[in-house]
Amino acid sequence: MKTAIISGVTGQDGSYLAELLLSKGYEVHGIMRRLSSFASGRIDHLVNSNPNFHTYYGDLCDGTSITGIISDIQPDEFYNLGAMSHVKVSFEIPQYTLEANAVGVLIVLEAIRKFSPHTKFYQASSSEMFGVPGVPAPYNENTPMIPQSPYGVAKLAAYHLTRQYREGYGLFATTGILFNHESPRRGGTFVTKKISQAVARIKNGMQDSLVLGNLDAKRDWGWSPEFVEAIYLIMQQEKPGVFVVATGETHTIREFVEEAFSYVGLDSKDYVRIDDKYKRPNEVPLLIGDASSSKKIGWEPKMKFHEIVHAMIDYDMEHLNDK
Ligand code: NAP
Ligand code: GDD
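For the sequence shown, position 120 matches number 140 in our numbering, and the numbering has no gaps at all.
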């Protein structure tokens, strides 16, 4: 039986990846933070029912816990999905963002190097590492990376640490540069989920408006359950490297809003307001990916933009009273 550790197992991708690995016969060890309220809603169904799924308290900012878990389990694979993943919030807590998203990666890599060098390591890199306007699109692993947020800077540092441990120590340290990907399990403060939840509530008379920031930015939105399949494939390659995972299609936030409201028969102009508090000091105006490197290893996206919007709204319509 193969063993894997997932950091960030309580998150959107971590929960789908845990399900995928368990379905492939893995023993899965998930690292979760101790919080004062419950954050395990996305994995409760696994905790209670699957004997091959185990959880541990740990924090990427706490070397003792991470190193202890790695040296005890010495897994075949470590998927590093844990991160302070909100770009806007990273402007408000930049130091913590660097500690969790960059130093945390160093802690994992050092623990693997010292105590479990056979462990394959996957780093969750992000298209937010790109960001300069004027660079020819679509973006791939050769595109200049000049991040526009503390989150992007931290992810770029982690990207280079992963490369350096791969080249310097010969570790299987691999990475996927993933463009935005969504699902019903997306956190409620990311724009897609904020919109889908609001549309469901407005349609049912539970909310009267939706307040957003910049509607002109463009994002390449994919489907999280498909993107974790790419992560798994990247880890199964003979050699570690850099792989871009994207749909190759881009849409403005405004288009997402319009598609969402029109799906339930409403006009977004009647409900959407703009507030500068949701805008960022720096913005990445355009993201569109060239996923040739992932296509070469047999991965292709299937869910289309409008299907993603509809699936998220359908879910939120059915779960109106969920917290
Ligand atoms: P998410 O839903 O926000 O999940 C993040 C996970 O990281 C949560 O389980 C969170 O735990 C955990 N975490 C946060 N700080 C931590 C710390 N200090 N120590 C240990 N765990 C910590 O994010 P996601 O969308 O699943 O994304 C997964 C990874 O891919 C992240 O690294 C993200 O930056 C990256 N990424 C995401 C996208 C995307 O579009 N979704 C695109 C590119 C890259 P709590 O539940 O306790 O908060
Ligand atoms: N969150 C949010 N809330 N974003 C808004 C809002 C709002 O009210 N109004 C407009 N936006 C715009 C943001 O300015 C941004 O241009 C876009 O919507 C998407 O924002 P998010 O959904 O927060 O995602 P992100 O693109 O900043 O970051 C996500 O994708 C990255 C990969 O490119 C996150 O998942 C990151 O963790 C990930 O690395």
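In this text, a Cβ means the ideal position worked out from N, Cα and C, and glycines have one as well.
Query                                                                                                       : Result
Distance between Y171 and G188 (C-alpha atoms, nearest Å)                                                   : 25 Å
Proximity test, L176 beta-carbon vs the ligand GDD heavy atom, cut-off 6 Å                                  : no
At least 3 beta-carbon pairs within less than 8 Å: the region 285-295 vs the region 323-340                 : no
Three-pair Cβ contact test at 8 Å for the region 155-173 versus the region 217-236                          : no
Beta strand (DSSP E) segments (min. 3 residues) lying fully within the region 55-88                         : 73-77
Rounded straight-line distance, which links the Cα of Q257 to that of M21                                   : 18 Å
Any non-hydrogen atom of the ligand NAP within 6 Å of M104 CB                                               : yes
6 Å CB neighbourhood of L41 in its chain, flanking five on each side removed                                : A24, V48
R53 Cβ short of 6 Å to the ligand NAP heavy atom set                                                        : yes
Short Cβ contact (7 Å threshold) for L232 with Y283                                                         : no
Complete beta strand (DSSP E) runs within the region 263-300 (minimum length 3 residues, chain order)       : 292-294
Cβ-based neighbour list, P95, same chain, cut-off 6 Å, excluding 5 preceding and 5 following                : T23, A24, I25, T139
Distance cut-off 6 Å: G28 Cβ against heavy atoms of the ligand NAP                                          : yes
Runs of alpha helix (DSSP H) wholly within the region 83-143 (minimum 4 residues, chain order)              : 83-93, 107-112, 114-118, 124-135
Whole-angstrom C-beta distance between K322 and E246, which should lie under 8 Å                            : 6 Å
Cβ-heavy atom distance, L80 to the ligand NAP, below 6 Å                                                    : yes
Residue from G208, D92, S110, N70 with nearest C-alpha to A59                                               : G208
DSSP state of S229 mapped onto helix, strand, coil                                                          : coil
Outcome for N121 when other beta-carbon atoms lying within 10 angstroms are tallied against a minimum of 16 : buried
Classification of K213 by the beta-carbon crowding that lies within 10 angstroms, buried from 16 upward     : buried
Y159, DSSP secondary structure in three states                                                              : strand
Proximity of V304 and G151 at Cβ, strictly below 7 Å                                                        : yes
For Q227 and S27, the rounded distance between their alpha carbons                                          : 35 Å
Exposure of Q217, with buried meaning 16 or more beta-carbon neighbours within 10 Å                         : buried
Alpha-carbon spacing of V265 relative to L286, whole angstroms                                              : 33 Å
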